[in-house]
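Remarks on the structure that follows.
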Ligand code: NAD
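Numbering (the working numbering), first residue to last: 143 to 422.
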């Protein structure tokens, strides 16, 4: 029988811990404030932004909302970020990605002060992660480490395969697993013999962006499978990168979609906002 890793429950635990820490800071007269910037009105981005604002409200963080029109120029966005960088009452700055095509995402990310980079995307945050220094860690991979630890799944010495090498998920995920003393293999779109490589994994982390691509043929018996993918099917139901019903019987533990990795991302964003008090 396999264990279903309950991201909904674990994310609530983390948000409740954040809530307590925020209350304790308030007693010391310290308020935490997150600035959330959205450019354009992509419906998916609006849903994410609203969920982030709701989470702030739940844990007692003040959120400032900047909803800018699609035609906002890169210079205008940079000048807003610079204003927020200089504002001591703002702890964290988040620009919802993707930004419209006429704006260079890399330039925007590097404009955010590393001290306020609660998404953990700035090169300074990524560099600190790589050499094991304190700093903000990208929320989805950080959430996966929490899922594993709080489900009592040991990482040290395990063979871990991460499929996907994006800057937001795959790469930071691999570094975090290395930091936890796993033996890590990164697989990607040019990897040969993907099935054989995945079959070595005690812990398989899938962040490919292809609906239900991973079947039981990729799974070693007893593996732990973490599904980062999220897709909406034609029948409007959500699915991941893993074919759950086929894969689950071969696992010792697996994350569902929805209710697995998804809820952890916002919980870890909240944790980064609370951590900002001690990181700055
Ligand atoms: P991405 O498109 O930036 O990266 C996908 C990676 O998968 C690439 O590195 C690519 O090399 C690899 N890949 C693509 N096809 C492959 C193949 N056939 N075989 C092996 N590797 C292949 O995506 P991303 O931003 O890393 O996100 C991955 C998935 O996770 C998406 O479904 C995304 O929606 C989801 N996601 C979920 C959350 C969450 O909070 N749950 C957060 C971020 C991303």
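For each residue, glycine too, the CB sits at the ideal point set by N, CA and C.
Residues near residue i in its chain [Cβ-Cβ closer than 6 Å; skip 5 each side]
{"i": "residue 319", "result": "302, 326"}
{"i": "residue 197", "result": "408, 412"}
{"i": "residue 349", "result": "306, 311, 312, 370"}
{"i": "residue 368", "result": "286, 347, 397"}
{"i": "residue 410", "result": "281, 284, 285"}
{"i": "residue 361", "result": "389, 392"}
{"i": "residue 292", "result": "152"}
{"i": "residue 341", "result": "362"}
{"i": "residue 155", "result": "none"}
DSSP three-state assignment for residue i, whether helix, strand or coil
{"i": "residue 208", "result": "strand"}
{"i": "residue 216", "result": "helix"}
{"i": "residue 164", "result": "helix"}
{"i": "residue 238", "result": "coil"}
{"i": "residue 203", "result": "coil"}
{"i": "residue 368", "result": "strand"}
{"i": "residue 396", "result": "strand"}
{"i": "residue 321", "result": "helix"}
{"i": "residue 245", "result": "coil"}
{"i": "residue 359", "result": "helix"}
{"i": "residue 343", "result": "coil"}
{"i": "residue 288", "result": "helix"}
{"i": "residue 159", "result": "helix"}
{"i": "residue 380", "result": "strand"}
{"i": "residue 389", "result": "helix"}
{"i": "residue 407", "result": "helix"}
{"i": "residue 154", "result": "helix"}
{"i": "residue 174", "result": "coil"}
{"i": "residue 298", "result": "coil"}
Pick from the options that is closest to residue i, judged by C-alpha positions
{"i": "residue 178", "options": "209, 157, 381", "result": "209"}
{"i": "residue 239", "options": "147, 293, 189, 331", "result": "189"}
{"i": "residue 353", "options": "383, 193, 230", "result": "383"}
{"i": "residue 298", "options": "323, 236, 360, 400", "result": "323"}
{"i": "residue 202", "options": "165, 401, 390, 262", "result": "165"}
{"i": "residue 249", "options": "144, 340, 216", "result": "216"}
{"i": "residue 144", "options": "419, 418, 392", "result": "392"}
{"i": "residue 374", "options": "359, 399, 387, 358", "result": "399"}
{"i": "residue 364", "options": "294, 357, 342, 394", "result": "394"}
{"i": "residue 243", "options": "212, 193, 231", "result": "212"}
{"i": "residue 157", "options": "194, 184, 358, 185", "result": "194"}
{"i": "residue 296", "options": "321, 333, 279", "result": "321"}
{"i": "residue 359", "options": "337, 256, 309", "result": "337"}
{"i": "residue 147", "options": "294, 258, 185, 377", "result": "294"}
Check whether residue i and residue j have beta carbons under 9 Å apart
{"i": "residue 380", "j": "residue 372", "result": "yes"}
{"i": "residue 285", "j": "residue 421", "result": "no"}
{"i": "residue 181", "j": "residue 245", "result": "yes"}
{"i": "residue 273", "j": "residue 253", "result": "no"}
{"i": "residue 174", "j": "residue 415", "result": "yes"}
{"i": "residue 233", "j": "residue 419", "result": "yes"}
{"i": "residue 317", "j": "residue 271", "result": "yes"}
{"i": "residue 260", "j": "residue 236", "result": "yes"}
{"i": "residue 345", "j": "residue 366", "result": "yes"}
{"i": "residue 205", "j": "residue 176", "result": "yes"}
Spatial neighbours of residue i in its chain, beta-carbon cut-off 8 Å, leaving aside the 5 residues before and after
{"i": "residue 247", "result": "239, 240, 241"}
{"i": "residue 330", "result": "305, 306, 307, 312"}
{"i": "residue 218", "result": "210"}
{"i": "residue 262", "result": "268, 271, 277, 278, 279, 280, 281, 284, 314, 414"}
{"i": "residue 161", "result": "200, 201, 202"}
Contact test: residue i Cβ vs the ligand PLP heavy atom, cutoff 8 Å
{"i": "residue 325", "result": "Ligands in the displayed structure: the ligand NAD; the ligand PLP is not one of them."}
Residues near residue i in its chain [Cβ-Cβ closer than 7 Å; skip 5 each side]
{"i": "residue 149", "result": "289, 397, 401, 402, 403, 404, 405, 406"}
{"i": "residue 163", "result": "416"}
{"i": "residue 214", "result": "181"}
{"i": "residue 356", "result": "348, 383, 384, 385, 389"}
{"i": "residue 343", "result": "301, 302, 303, 362, 365"}
{"i": "residue 256", "result": "264, 266, 267"}
{"i": "residue 251", "result": "263, 264"}
{"i": "residue 333", "result": "339"}
Below-9 Å beta-carbon distance, residue i vs any chain B residue
{"i": "residue 334", "result": "Note that chain B does not occur in the displayed structure, where there is just one protein chain."}
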